[in-house]
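When you line the sequence shown up against this note's numbering, it's residues 16 to 193, in that order.
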Amino acid sequence: MDHASLVPTIETERLVLRGHRVGDFPDSASMWADTKVVAHISGQPATPEQSWSRLLRYAGHWHHLGYGYWVVTLKRDGGFLGEVGLADYHRDTEPSLDGKPEAGWVFKASAHGKGYATEAVAAMMEWADANLCCTHFSAMFDPAHSASMNVARKVGFSNEVLGRYGNQEALFMERARP
Numbered sequence: 016m017d018h019a020s021l022v023p024t025i026e027t028e029r030l031v032l033r034g035h036r037v038g039d040f041p042d043s044a045s046m047w048a049d050t051k052v053v054a055h056i057s058g059q060p061a062t063p064e065q066s067w068s069r070l071l072r073y074a075g076h077w078h079h080l081g082y083g084y085w086v087v088t089l090k091r092d093g094g095f096l097g098e099v100g101l102a103d104y105h106r107d108t109e110p111s112l113d114g115k116p117e118a119g120w121v122f123k124a125s126a127h128g129k130g131y132a133t134e135a136v137a138a139m140m141e142w143a144d145a146n147l148c149c150t151h152f153s154a155m156f157d158p159a160h161s162a163s164m165n166v167a168r169k170v171g172f173s174n175e176v177l178g179r180y181g182n183q184e185a186l187f188m189e190r191a192r193p
């Protein structure tokens, strides 16, 4: 079975959001191993094993929940840019994210600062508003990651609250479905 076929394809002016394929693993693993990319996420580069597990987790979200992560590529040439999606990680957070799919995005370093994240996340949230029955979405950030928080604000996230994820301080935002 081609699990990527479970994932809707979304096109924007410059981007294509599509399901992950096994062939995306090298690009995804390279991105997650980049210290600049993960500085405000985990702070630690991911191993190939961790990146492989992440790719499989993405497929599981679509299969079991009807939502998950997309690969983001350039429309003009198919070049890999990053990943965006919605997830339920059952995180131990305060405040709780239960019942509010968590929006997330990550882009390779060479794609930063070009508006790709805002374009992709806006398209993802438009899809979520039209296709999911939940009324609220959540997002969690390193409080020092202003660029990512700005993306969230541009697509309607607000209600900023400082809380925790594990032993770390985190900033949480919420977005109501229009």
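In this text, a Cβ means the ideal position worked out from N, Cα and C, and glycines have one as well.
Counting C-beta atoms within 10 angstroms of its own C-beta, Leu186 has 16 or more neighbours from the protein chains shown and is therefore classed as buried. Around the C-beta of Arg33, 16 or more other C-beta atoms lie within 10 Å, and the residue is accordingly described as buried. Within the same chain, Cβ atoms closer than 7 Å to the Cβ of Gly181 are found at Asp107, the five residues on either side in sequence being excluded. In the structure shown, Glu28 falls within a coil segment according to DSSP collapsed to helix, strand and coil.
Taking all protein chains in view, the Cβ of Val166 is crowded by 16 or more other Cβ atoms within 10 Å, so the residue is classified as buried. The beta-bridge partner set that DSSP reports for Leu186 consists of Phe156, Leu177.
Straight across, the Cα-Cα distance linking Lys90 with Asp42 is about 17 Å. Within the same chain, Cβ atoms closer than 8 Å to the Cβ of His151 are found at Gly114, Lys115, Glu189, Arg190, Ala191, Arg192, the five residues on either side in sequence being excluded.
The segment 66-79 and the segment 133-148 do not touch, with fewer than 3 CB-CB distances between them shorter than 8 Å. A residue is called buried when at least 16 other Cβ atoms come within 10 angstroms of its Cβ; Leu71 does not meet this threshold and is exposed.
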